[in-house]
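Start counting the sequence shown at 412; every next residue gets the next number (this note's numbering).
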Amino acid sequence: MKPGGLGGRLRALFRRPGRSEEFFEELEDTLIEGDIGPAAAQEIIAVLRSGAGRGGEAELMGQLRALLAGYLKVETPVLQGAKPNVFLVLGVNGVGKTTTIAKLAHYYRATASGGVLLAAGDTFRAAAIDQLVIWGERLGVPVVRQQPGADPAAVLFDAIASGRARGHELILADTAGRLHNKAHLVGELAKIDRVVRSRVEGGAYRKLLVIDATTGQNALRQAEVFHEAVGVDSVILAKYDSTGRGGIVIPICKELSLPFSFVGTGEKIGDLAAFETEAFLDNLLAHE
412 MKPGGLGGRL RALFRRPGRS EEFFEELEDT LIEGDIGPAA AQEIIAVLRS GAGRGGEAEL
472 MGQLRALLAG YLKVETPVLQ GAKPNVFLVL GVNGVGKTTT IAKLAHYYRA TASGGVLLAA
532 GDTFRAAAID QLVIWGERLG VPVVRQQPGA DPAAVLFDAI ASGRARGHEL ILADTAGRLH
592 NKAHLVGELA KIDRVVRSRV EGGAYRKLLV IDATTGQNAL RQAEVFHEAV GVDSVILAKY
652 DSTGRGGIVI PICKELSLPF SFVGTGEKIG DLAAFETEAF LDNLLAHE
């Protein structure tokens, strides 16, 4: 993305007089560079070209905002009455998955009767287990874990048994994210999915995918792989931090029909908010 951010570049373009073919081509390029995706960009350009795309900066920005809003899907997971609820948290290494789990624990523990339990299901990396244990200690939340190299499905089985016995309402489970070996990842997640499905009622089991707002089109590919593996229920946009990035949300909603549930807005434990369409568009289309 060129300097100025998506919103700044769009406003500069909309201020120019005339709506020539060159204008629409540049607008399409700007949207694609902002990670909106070729399919959505082409649809937006077709609508604006057909006659809606007239007026000055404010009018065009309003039209574009309305079109982008039409693609967005939003759904915040609600805890079901059954105990325990299980949120399987997915994502490649490095997207901020473990920190997001800690933020989710903080977000839900105020309303989760019986509290929250963490499950260290990324047994491939000892560091991932250690990191989750540290977060559990900071939050005062118990963590179910086994030794590095243990069967992740067995960790989830134990966590569900422990959560049910102790009356925990929510289990947040970490998972591995080794995309360099897709076949192994898909097989491992499919096994975990079978175990959880056999132990938890349908509505109380959700699969949340964490993506990094700064990774662009790679995030779409990640979403495709995880959705193919186990069927993602909703997506969390991590590392947003008022960067003005995050256009990748549009093609994930459009092409995979996946809703977004949360957005990570900073590094502090409370920096997680329910995804809201207007707030997201305000940030995406900000002046800078």
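Note that beta-carbon positions come from the ideal geometry of N, C-alpha and C, so glycine has one too.
Using CA coordinates, which residue listed in the options is at the minimum distance from residue i?
i: residue 564; options: 608, 541 and 542; result: 608
i: residue 516; options: 683, 689 and 687; result: 683
i: residue 462; options: 435, 482, 690 and 635; result: 435
i: residue 499; options: 627, 416, 581 and 685; result: 581
i: residue 469; options: 426, 447, 546 and 555; result: 426
i: residue 489; options: 650, 659, 617 and 593; result: 617
i: residue 525; options: 552, 636 and 588; result: 552
i: residue 428; options: 439, 467, 419 and 418; result: 467
i: residue 420; options: 432, 431, 430 and 437; result: 437
i: residue 575; options: 495, 600, 544 and 594; result: 495
i: residue 688; options: 547, 484 and 587; result: 484
i: residue 628; options: 649, 662, 637 and 646; result: 662
i: residue 550; options: 418, 521 and 577; result: 521
i: residue 579; options: 440, 444 and 492; result: 492
i: residue 562; options: 536, 631 and 573; result: 536
i: residue 451; options: 431, 480, 503 and 487; result: 480
i: residue 541; options: 460, 558 and 528; result: 558
i: residue 690; options: 433, 577, 651 and 506; result: 651
i: residue 560; options: 478, 474 and 586; result: 586
i: residue 433; options: 460, 677 and 418; result: 460
i: residue 645; options: 505, 674 and 445; result: 674
i: residue 676; options: 474, 648 and 546; result: 648
i: residue 625; options: 601, 486, 596 and 505; result: 505
i: residue 596; options: 534, 547 and 545; result: 534
i: residue 509; options: 545, 694 and 445; result: 545
i: residue 668; options: 473, 507 and 635; result: 635
Give me, in chain order, the residues of the same chain whose beta-carbon lies closer than 8 Å to that of residue i; leave out the 5 immediate sequence neighbours on both sides.
i: residue 476; result: 692 and 696
i: residue 665; result: 448, 450, 451 and 482
i: residue 528; result: 495, 552, 553, 554, 555, 570, 573, 574, 577, 579, 581, 582 and 583
Just to confirm the assignment, what range does the beta strand (DSSP E) spanning residue i have?
i: residue 572; result: Per DSSP, residue 572 belongs to no beta strand (DSSP E); it is in the alpha helix (DSSP H), 563-577.
i: residue 497; result: 496-501
i: residue 584; result: 581-584
i: residue 440; result: Run containing residue 440: none in the beta strand (DSSP E); it sits in the alpha helix (DSSP H), 432-444.
i: residue 528; result: 527-530
i: residue 671; result: 671-675
i: residue 382; result: No information on residue 382 is available, as it lies outside the stretch 412 to 699 that the chain covers here.
For residue i, which residues from the same chain have a beta carbon less than 6 Å from its beta carbon, with the 5 sequence-adjacent residues on both sides left out?
i: residue 571; result: 610
i: residue 569; result: 555
i: residue 413; result: At residue 413, the pLDDT of 45 sits below 50, so the modelled position is not reliable; the number obtained from the coordinates is stated separately. Excluding positions up to five away in sequence, the list is empty.
i: residue 594; result: none
i: residue 447; result: 658 and 661
i: residue 503; result: 588, 590 and 633
i: residue 630; result: 622 and 659
i: residue 614; result: 491
Within its chain, find whatever has a CB closer than 7 Å to the CB of residue i; leave out the 5 residues flanking it on each side and keep chain order.
i: residue 700; result: Nothing can be reported for residue 700: it is not among the residues displayed for the chain, which extend from 412 to 699.
i: residue 680; result: 513, 514 and 517
i: residue 431; result: none
i: residue 637; result: 501, 620 and 643
i: residue 443; result: 449 and 452
Could you pull the start and end residues of the alpha helix (DSSP H) that residue i belongs to?
i: residue 610; result: 593-610
i: residue 650; result: No alpha helix (DSSP H) contains residue 650, which DSSP labels as neither H nor E.
i: residue 682; result: Segment: none, residue 682 is in no alpha helix (DSSP H) and carries neither H nor E.
i: residue 470; result: 468-482
i: residue 705; result: Beyond the ends of the chain as shown, which are 412 and 699, falls residue 705; an answer cannot be given.
i: residue 641; result: 628-641
i: residue 662; result: 660-667
i: residue 516; result: 508-520
i: residue 688; result: 688-695
i: residue 458; result: 449-458
i: residue 429; result: Segment: none, residue 429 is in no alpha helix (DSSP H) and carries neither H nor E.
When you compare the CB of residue i with every CB in chain D, is at least one pair closer than 8 Å?
i: residue 633; result: Of the chains in the structure shown, none is chain D; there is only one protein chain.
With a threshold of 8 Å, are at least 3 pairs of Cβ atoms found where one atom belongs to the region 635-645 and the other to the region 446-456? no
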